[in-house]
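Here the structure is laid out as structure tokens; the discussion comes afterwards.
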Amino acid sequence: MTVDAHHRASLTPAIEFRHVSIRFEDVPVLDDVSFVVPPGEMRIILGLVGSGKSTILRLAVGLLKPDEGQIFIEGREITAMPESELFQLRKQIGVVFQEDALFTSLPVWENVGYRLLEQGEDPEVVREKVRRVLRLIDMEYAIDMMPAELSGGMSRRTAVARALVGNPRIALYDSPCAGLDPVTERKILRLIMQLRDLNGTTSLYVTQKMDEVRYLCSGMYERTPDGKVRFRKESEGFCLYNTKILLLSRGRIVIEAPDELFWKSSLPVVREFLV
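Here the sequence shown is numbered in our numbering, starting from 21 and rising by one per residue.
Listed below in structure tokens is the structure:
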């Protein structure tokens, strides 16, 4: 572990689940789930459909309440937090849900900048912020388009941009690359990695696709002394210290490990994902 990683691990966790359980109509969805995400780190939540992955994200923003256990965001327990306080807390969190829908009556830039506009930011300033984030995902040309003019992949990218435009301290991604072509998928993943590595954005990333996991764990972005951004591959002799994989199975975390240990795990449930 590097000095920076030691320092972050000593800070108040950005996200913490303590023995969290939840049931839907007496069916267990999560069972005694505990994990900690230090500031600036990523946890990839891997699991099959129905394993409880998306439920973790909804719990993390207070959209669901656990039947047992406690949840903390930046040191504040949200388990019994009033809705008025949760509303303020959510302003610091960017969220991409699978079913994210765009406002059909608003152009792309207003969709992406909606939360900033609601908070009273100057529209011209918001539009420029939107332009910058759209540029990162090759959608600057669509800034004035209406949702009806967008393809499915473009709508998905717009939803991702909306979650990230305000440079949130915490970002939650619920299968953000679902249904995207490989080229667009890589653009989204690179943006998410850059926010993790260069901005220190704390991230929970939900997926069931191993190719996304491998890409997110393939290396990290860093700034050189002359201000340029470069990508360091794990094969260059360093360990990706800011990202771990959590594998969910039947509502329980069966392993939490950095990628190099995850790949070597002999657990049958892990080997099933790696074949």
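The beta-carbon is built from N, C-alpha and C at its ideal position, and this holds for glycine as well.
Taking D164 as the centre and dropping the five residues before and after it, the same chain places the C-beta of P127, V128 and W129 closer than 8 Å to its C-beta, in chain order.
For E160 and G89, the gap between their C-alpha atoms comes out near 44 Å.
Residue range K73 to A80 is occupied by the alpha helix (DSSP H) that includes T75. Three or more beta-carbon pairs drawn from the stretch 56-64 and the stretch 215-235 are found closer than 8 Å, and the two stretches are therefore classed as touching. In this structure, the CA atom of Y134 is about 36 Å from the CA atom of P245. Put simply, the backbone Cα of L215 is about 10 Å away from that of M240. Three or more beta-carbon pairs separated by less than 8 Å are not found between the stretch 67-74 and the stretch 86-102, which leaves the two stretches without contact. Note on A80: 16 or more other CB atoms within 10 angstroms of its CB, so buried under the neighbour-count rule.
In this chain, the beta strand (DSSP E) harbouring M62 covers M62 to L66. For the 8 Å CB-CB criterion, V295 and S269 do not form a contact. Taking 8 Å as the upper bound for CB-CB distance, I64 and V233 are in contact here, some 6 Å apart. Rounded to the nearest angstrom, the Cβ distance from G114 to L267 is 24 Å, too far for a contact under 8 Å.
Residue environment analysis places P202 among the exposed positions, since fewer than 16 neighbouring C-beta atoms fall within 10 angstroms of its C-beta. Per DSSP, reduced to three states, the secondary structure at V180 is helical. The three-state secondary structure of Q228, taken from DSSP, is coil. Residue nearest to K111 within the set R291, V185 and R210 is V185 (criterion: CA-CA distance).
For T263, the enclosing beta strand (DSSP E) starts and ends at T263 to S269. Beta-bridge partners of R210 (DSSP): none assigned.
Taking V53 as reference, the option from R151, P86 and P33 with the minimal CA-CA separation is P86. According to the DSSP secondary-structure assignment, I113 is paired through a beta bridge with I190.
According to the DSSP assignment, R151 belongs to the alpha helix (DSSP H) that extends over P143 to L156.
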